[in-house]
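To get our numbering, take the position in the sequence shown, counting from 1, and add 15.
Each residue gets a CB set at the ideal place from its N, CA and C atoms; glycine is no exception.
None of these values were measured; they are calculated from a predicted model.
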Amino acid sequence: MADASVDVLIAGAGPVGLTLGGLLARRGLRCAVIDRAAARTDKSKALVVWPRTLELLATAGMEAVFLAAGGRARGGRLFGRGRQLAWLDFTRSGAAYPFSLMIPQSETERLLEVEAQAAGVELQRQTELLRFAAAADGVEVTLRGGDGGERVVRCGWLVGCDGAHSAVRHGLGLAFAGSAENNDWFLADVHVDGALPRDEVSLFLHPDGVLACFPIPPDRFRVLGDLGAAQGEHPRDPTLADVQALLERRGPGRLTVHDPVWLAGFRINDRQVPSYRRGRVLLAGDAAHIHSPAGGQGMNTGMHDAFNLAWKLALVQQGRARVELIDSYDAERHPIGALVVRGAGALTRLATIHSAAGQRLRDALVSRAYSVRALSDLVVGVLTEVVIHYRGSRLSRDERPVLTRLRARHGGVRAGERAPDAAVDDAAGGATSLFALLRGGRHVLLLSADAQAGLAEAVQRAYPDLVDCARLRDRPAPYATRSATAILVRPDGYIGYLGAPAVAARVVAHLSAYLIPSP
16 MADASVDVLI AGAGPVGLTL GGLLARRGLR CAVIDRAAAR TDKSKALVVW PRTLELLATA
76 GMEAVFLAAG GRARGGRLFG RGRQLAWLDF TRSGAAYPFS LMIPQSETER LLEVEAQAAG
136 VELQRQTELL RFAAAADGVE VTLRGGDGGE RVVRCGWLVG CDGAHSAVRH GLGLAFAGSA
196 ENNDWFLADV HVDGALPRDE VSLFLHPDGV LACFPIPPDR FRVLGDLGAA QGEHPRDPTL
256 ADVQALLERR GPGRLTVHDP VWLAGFRIND RQVPSYRRGR VLLAGDAAHI HSPAGGQGMN
316 TGMHDAFNLA WKLALVQQGR ARVELIDSYD AERHPIGALV VRGAGALTRL ATIHSAAGQR
376 LRDALVSRAY SVRALSDLVV GVLTEVVIHY RGSRLSRDER PVLTRLRARH GGVRAGERAP
436 DAAVDDAAGG ATSLFALLRG GRHVLLLSAD AQAGLAEAVQ RAYPDLVDCA RLRDRPAPYA
496 TRSATAILVR PDGYIGYLGA PAVAARVVAH LSAYLIPSP
């Protein structure tokens, strides 16, 4: 809209909305984030920032503050009937940060809020979205402030990051298809005395139900478990005595809980909208998908939504990409959301098997499966989210020989997959890294040492302000190639194009499918 108040209005100042707002503001967009609450949450809520999320934060220059504020968990142990069934070693994820970062959501929101406001985001609390009307060139949104007064904001795009009860989703009239699981659950953030590891997650499968213990730095734990079939309209909050009794019955023994910070009962819903986009209105995070906390994927999945959407939305709003690029957000992220919803539900059902025979079979299968290194590493890859990919996206293209593509399935890189960090020489010949270059917010064209010298110049002539070029140093694995190769990395750190032999015209043709050249 010509008279738009902001380029993008984001409803919801949780981790997803703040991540998106900060990313957009860094790209030069006028961005406002609104939230009904007077202040950010003081609850721990989501506790885990997974390695792939840390890598994405690194491409935005935000990893240092997170690493300083959180505690590192090197893996997780799974116990059944008093014996260890599995050890998940997060150091085998292959990520640049080979651990999960344990950090309360309250602290995550604080860090993201500081970063977003430093980037120029206008944060408006005690502000409620009442209604909106979308047109072909923007959205008109009616807001109500803390004083009860109403005002109209015009924006180019509206993004609902406003949680499971999303006003934006309701305004679109989208179904939130799925179901509620018929179990009551409890969570307790408490201090624990006893020999419970503070650098790993502990999960206990007991005949009565599941019990999980997550370290929360600096000195407490999240204890979580199921309580059986749902009772009443709402689950009751546990007492400290309830938590102690469950820990004694299901846990490793000799543990004492005290000084509770948060005690709550809850129920699990598995739901997802049919589409993340309706014209100039989009959804992300819990507004688009909610699921079991099994695997700790919820907040991370929402933040990945934000990283996927931000660069696309910024380029389109700035007139540097075709509006159809926004369609790839739903095309890429909706299948990931569906996979997470299904996976978390399956893990929950597996952990809460009630029959004795089923429990024995489950424990035997789990123990056997995790003794196979390849299967254990696959589970680690899924949990840490390094295996998330967009190989089927129209933005992913591989023009290497067939045999090269086949070999890449066993340790190489493929179009649509995460781009591992690597040592590179930038356009000026200076030593740097891929992740450092991605902080510029542009595409990065990586060239093997034997690629033609003029290739980078040809690509940058077509897109001088949208593509940075660099040369790989010493053919680092998994980027090792047998011929001159061009690797185009998207601004969100995923590989968009692979070409061998490296030809400038082919790289430019791939980019021109969604970018608009400089005038």
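query	result
Through-space distance from Ala47 to Arg146, alpha-carbon basis	16 Å
Supposed close pair Lys126, Ala88 - CB separation, criterion 8 Å	According to the sequence provided, residue 126 is Leu. The question's Lys does not apply to it. Not really, about 18 Å apart at Cβ, beyond 8 Å.
Anticipated Cβ contact below 8 Å, Ala28 with Leu158, distance rounded	Their Cβ separation, rounded to whole angstroms, is 14 Å, which puts Ala28 and Leu158 out of contact at 8 Å.
Cut-off 7 Å between Cβ atoms - residues of its own chain near Arg337, not counting five sequence neighbours on either side	Tyr529, Ile531
Residue environment, Glu472, which counts as buried when at least 16 other CB atoms sit within 10 Å	exposed
For Ser448: DSSP bridge partner residues	Ala438
Outcome for Trp102 when other beta-carbon atoms lying within 10 angstroms are tallied against a minimum of 16	exposed
Three-state class that DSSP yields for Glu196 in the structure shown	coil
C-alpha gap between Val167 and Ala52, whole angstroms	19 Å
With 16 other Cβ atoms within 10 Å as the buried cut-off, status of Pro14	As shown, the chain starts at 16 and ends at 534. That puts residue 14 outside it, with no answer to give.
Whole-angstrom C-beta distance between Ala430 and Tyr512, which should lie under 8 Å	6 Å
Pairwise C-alpha distance: Val296 and Lys58	29 Å
Test item: CB-CB of Gly240 and Val216 under 8 Å	no
Gln333 versus Pro479: straight-line alpha-carbon distance, rounded	15 Å
Residue of Gly445, Cys228, Gly444, Asp483 minimising C-alpha distance to Gly456	Asp483
DSSP bridge partner residues for Glu155 (one or two, in chain order)	Ala148, Arg169
Beta-carbon contacts of Leu35 that lie in its chain and below 7 Å, excluding the five residues immediately before and after	Ile25, Val174, Cys176, Ala299, Ala321, Leu324, Ala325
Backbone CA spacing between His535 and Ala499 [nearest angstrom]	The chain is shown from 16 up to 534; residue 535 falls before or after that span and cannot be answered.
Option nearest Pro233 by Cα separation, candidates Gly43, Val205, Gln287	Val205
Range of the contiguous beta strand (DSSP E) that encloses Tyr405	Where Tyr405 is concerned, there is no enclosing beta strand (DSSP E), given that its DSSP letter is neither H nor E.
Contacting residues, own chain, Cβ-Cβ under 6 Å from Ala134 (five flanking each side not counted)	Gly37, Ala40, Arg41
Ala434 and Gly508 closer than 8 Å at C-beta	yes
Contacts around Asp104, its chain only, beta-carbon distance under 6 Å, and the 5 residues preceding and following it disregarded	Gly90
Stretch-stretch touch, CB-based, cutoff 8 Å, three pairs: the segment 241–254 with the segment 279–295	yes
Residues near Thr316 in its chain [Cβ-Cβ closer than 6 Å; skip 5 each side]	Val355
For Ala17, three-class secondary structure by DSSP	Because Ala17 sits at a pLDDT of 44, beneath the cut-off of 50, its placement in the model cannot be relied upon, and the point is left open.
Segments assigned alpha helix (DSSP H), at least 4 residues, entirely inside the segment 466–529	469–477, 519–527
C-beta atoms of Leu270 and Leu261 nearer than 8 Å	no
Three-state secondary structure (DSSP) of Asp345	helix
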